[in-house]
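Chemist: Numbering-wise (my numbering), the sequence shown opens with residue 994 and increments by one. All C-beta atoms, glycine included, are put in the ideal place defined by N, C-alpha and C. None of the values given here were measured: they were computed from a predicted structure.
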Amino acid sequence: MPTPIDNPTEDEPPALPFKTGGRLARNQEYLIFYFFTISSWGLEIAAACLGSLYGAQSHYFIATVASFLATYAMAFLQTLWMAATAPRNTIADRISFLNLVCRFQRLCAPTALIGMITWAVAYRFRGKASSQAYWIIFLVVWIFSIVVCIMNVYNNISWESDLLYQLAPDQPQGKFWLAALGIRDICRSKHPLPKDADMELEHSADKRA
């Protein structure tokens, strides 16, 4: 059973209290996100290989790891900005926000896994390495990504999932731990959404009245 949430029908304002202008189409926004995400994974693997072959002081490694960090930051900030400005006034808004924060896991979990493997191997053979910067960089990437994953699961995925169970118990939800790993959306329905899926949540003012 999910943990009961106090005042579940109160509207929750976006994290940033101002409008950001028009949004890109969904497919355009997804295309940008996955371009940066897949590029960052490829560059992270390439940086791990080049750093092992040529050392952390080589131009090949510096250029590749800098490109990896840049693309990773772009995908991260894009998703963070959308989550911070996303409305959460209807059931549909809540589902969209939940699927959006699940996207953090899709970005950070594979990045953390690659960083952990690279760090573990590099640290094991650190005596033969020309510089400690190689395994320290991947250690920082691993720690940062895994911390973001844990905080996102605790503060966003768990909260929004429990809230949807209270507000819309008939709304089908996917496997929680698959969503926590970023493997699939937590609210992927196997049948059409009910007609009242877009119903407005009751405002706290109306509730008090």
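(1) With a 10 Å radius around its C-beta and 16 neighbouring C-beta atoms as the bar for buried, classify TRP1074 as buried or exposed.
(2) For the segment 1082–1141, list the alpha helix (DSSP H) runs that are entirely contained and at least 4 residues long, ordered along the chain.
(3) Measure the C-alpha to C-alpha separation of GLU1037 and GLN1050 and round it to an integer number of angstroms.
(4) Assuming THR1064 and PHE1029 are in contact, meaning their beta carbons sit under 8 Å apart, how far apart are those beta carbons, in whole angstroms?
(5) For the alpha helix (DSSP H) containing GLN1159, list its first residue and its last residue.
(6) Between ALA1085 and LEU1091, what straight-line distance do the alpha-carbon atoms span, to the nearest angstrom?
(7) Using a Cβ-Cβ cutoff of less than 7 Å, which residues in the same chain neighbour GLY1014 once the five nearest sequence positions on both sides are dropped?
(8) Short of 7 Å in beta carbon distance, which residues of its chain neighbour CYS1264, apart from the five on each side in sequence? Order them along the chain.
(9) For LEU1174, which three-state DSSP category applies?
Modeler: So, from the data block:
(1) With fewer than 16 Cβ atoms within 10 Å of its Cβ, TRP1074 is classed as exposed.
(2) The segment 1082–1141 is shown to contain whole alpha helix (DSSP H) runs of 4 or more residues at 1084–1117, in chain order.
(3) It is roughly 16 Å from the alpha-carbon of GLU1037 to the alpha-carbon of GLN1050.
(4) So it is a contact: roughly 5 Å between Cβ atoms.
(5) Going by DSSP, GLN1159 is part of the alpha helix (DSSP H) stretching over 1151–1160.
(6) Straight-line Cα distance between these residues: approximately 10 Å.
(7) Low confidence applies to GLY1014: its pLDDT is 44, below 50, so where it sits in the model is not reliable enough to give any reading.
(8) Residue coverage of the chain in this structure runs from 994 to 1202, which leaves residue 1264 outside it and unanswerable.
(9) When DSSP states are grouped into helix, strand and coil, LEU1174 belongs to the coil group.
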